[in-house]
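Worksheet: the structure to be examined is printed underneath.
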Amino acid sequence: MSRDRLVVCRILATLLALALGPAHGNAQGAPGPIPTDPGLRVAFIGDSGNGADFRRVLELIKSERADLVLHQGDFDYAENARGFFGTIDSILGPDFPYFASVGNHDTDSWRERCWDRNGCYAKFLKARMARLGVRPDDPDLDDQMYSVTYRGLRLVFVGEGGVRAGDKVYAPYIQRQLATDDHIWKICSWHKNQQAMQVGEKDDEMGWRVYEACKDLGAIIATAHEHSYQRTRTLTSMKDLAVDASCADPNALCIATGSPGRSFAFVSGLGGHSVRDQTRCLPATFPYGCKGAWAKIYTATQGATFGALFIVFNIDGDPTKAHGYFKNINGQIVDRFEITVDASAAKNRARQ
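As structure tokens, this is what we get:
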């Protein structure tokens, strides 16, 4: 081989290695758990509507300098995808990273070919992802399930089809997406709840398998549907509301894969539509009822107004640490907590 050809081959090999490294979240090419970008700030909202209060929540998200939004469903309650995303574009910009789970009020206009004169939510989401250079695992979002990775954060979204779909369709999908995943931080996002996973008047609408699958696979569980905010402590069983005795501090959460794993769930449904009362797990102050599983409850009973949950990943030079806080549109921080994830399982998989 000539000297010139050898030089060209080496350059091409170097460029290929550089291209592959970041795609797998590891610029050095060495195996290991995949971190998020340092200081990645994510806003979680749901049940927003498309009125003045939703705009105030978006302005809050902008002022907090969030890097992306995860919307847990029930967008504008009007099946007007064009108007809904128009509001987002006007405040956050047309290329701002905005990912979403379908809510029960979004289903008729969700499918990419919904034939709605005001557009279809899935089509707008796909176009936005394309502008960002983000590719979902499956380009067909009509089944209400997709997964993406953004700046090292693994995201899995499932639908609102009910308990049977949750147990038979969504939970196996989550298992396939996360069972061999090496990302340090993972999010499961959907709209509906189990009754015990909210403090309002919702019934069992998702099944327990999705909750347990995400918890055992070391993922944070993000939901909405109930128009309030509530966050659990670290749980080893979602169904039994079993608080992890080794990580019982309500404001210091732990995440780990295992059988059982451990994680936490939250409802962030104060996106702008309405605010509801606490009707379960009374009293209305900490420590709450329901086996002490709740770390924070913020509803109309506590005088709640609209706002967003923010989680900042990879902080203090430690890719396994995160900081969370819920901030309302009046600038009040009503919840603060720290999260630590045990990345040893991902490290062991990467070495295999």
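Numbering (our numbering), first residue to last: 136 to 487.
In this text, a Cβ means the ideal position worked out from N, Cα and C, and glycines have one as well.
Item	Value
Would you list the residues sitting across from Leu175 in a DSSP beta bridge?	Phe448
When DSSP builds the beta bridges, which residues end up paired with His318?	Ile169
Contact defined as beta carbons within less than 8 Å: I believe Thr371 pairs with Ala428. What is the distance between those atoms, to the nearest angstrom?	Going by Cβ atoms, the distance from Thr371 to Ala428 rounds to 11 Å, so no, they are not a contact pair.
Pick out the complete beta strand (DSSP E) segments inside the region 209-255, 3 residues or longer, and give them in chain order.	233-235
Across the region 405-417 and the region 320-339, are there enough close Cβ pairs to call them in contact, namely three or more that are closer than 8 Å?	yes
Can you say whether Ala354 is buried or exposed, counting buried as having 16 or more other CB atoms within 10 angstroms of its CB?	buried
Taking Arg344 and Gly301 to be in contact with their CB atoms under 8 Å, please state how far apart those CB atoms are, rounded to whole angstroms.	6 Å
Tell me which residues share the same chain as Phe441 and place their Cβ nearer than 6 Å to its Cβ, disregarding the 5 neighbours each side in the sequence.	Asp188, Val192, Leu405, Gly407 and Ile464
What is the rounded straight-line gap between the Cα of Tyr233 and the Cα of Arg263?	8 Å
List the endpoints of the continuous beta strand (DSSP E) containing Ser403.	Ala400 to Ser403
By Cβ distance, which residues of its chain are closer than 6 Å to Ala348, with the 5 residues on each side in sequence left out?	Ala306, Ile309 and Gln310
Could you say if the region 213-229 and the region 243-262 meet the contact criterion of at least three C-beta pairs nearer than 8 Å?	yes
Roughly how many angstroms separate the alpha carbons of Ile446 and Asn253, rounded to a whole number?	33 Å
To the nearest angstrom, how far is it from the Cα of Asp477 to the Cα of His240?	37 Å
Roughly how many angstroms separate the alpha carbons of Asp224 and Leu175, rounded to a whole number?	21 Å
Gly294 and Gln279 look like a contact to me (Cβ under 8 Å); what is the Cβ gap, rounded to whole Å?	3 Å
Taking all protein chains shown into account, decide if Arg200 is buried (16 or more other Cβ within 10 angstroms of its Cβ) or exposed.	exposed
Taking 9 Å as the threshold (C-beta atoms), are Ala391 and Met496 in contact?	No information on residue 496 is available, as it lies outside the stretch 136 to 487 that the chain covers here.
Starting from the N-terminal side, write out each stretch of the alpha helix (DSSP H) that is 4 residues or longer and does not extend beyond the region 282-364.	306-313 and 343-351
Roughly how many whole angstroms lie between the Cα atoms of Asp384 and Ile226?	37 Å
For Arg266, does the count of other Cβ atoms within 10 angstroms reach 16, so buried, or fall short, so exposed?	exposed
Along the beta strand (DSSP E) that carries Ser372, what are the first and last residues, could you check?	Leu370 to Ser372
Distance check for Gly393 and Thr434, CA to CA, integer angstroms please.	33 Å
Kindly list the residues whose CB is nearer than 7 Å to the CB of Asn328, restricted to its own chain and excluding five residues on each side of it in sequence; keep chain order.	Lys337, Glu340, Met341, Thr358, His360, Glu361 and Val402
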